[in-house]
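Visitor: Numbering (our numbering), first residue to last: 5 to 61.
Quick one: the structure is below, and I'll ask about it shortly.
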């Protein structure tokens with residue numbers, strides 16, 4: 005798997021809660037939870053929370 009061969013991975017902004025949870029679980033199995041970086045679309049195009057000031061949700 006690519007993640008096993010690199011120092012970290014940057015996820016695109018088109019994730020959802022389930023995909024993010026799966027990525028975190030997999031990384032935690034290898035003690036690499038801090039090696040995942042998540043993109044965010046502040047314009048809210050399909051992101052949880054709808055973007056803008058709700059981006060933190």
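All C-beta atoms in this analysis are idealised placements derived from N, C-alpha and C, irrespective of residue type, glycine included.
Between which residues of its own chain and residue 41 is the CB-CB distance below 8 Å, once the five residues before and five after are set aside?
Guide: Contacts found: 12, 13, 14 and 15.
Visitor: Is residue 46 close to the ligand MG? I mean its beta-carbon at under 8 Å from any heavy atom of the ligand.
Guide: With respect to the ligand MG, the structure shown offers nothing to examine, as it has no ligands at all.
Visitor: Ignore the nearest five residues each way along the sequence and tell me which others in residue 48's own chain have a CB closer than 7 Å to its CB.
Guide: Excluding sequence neighbours, residue 48 sits near 54, 55 and 56.
Visitor: Under three-state DSSP, which class holds residue 44?
Guide: Coil at residue 44, not helix or strand.
Visitor: What does the alpha-carbon distance come out to for the pair residue 44 and residue 27?
Guide: Near 16 Å, if we compare the C-alpha coordinates of residue 27 and residue 44.
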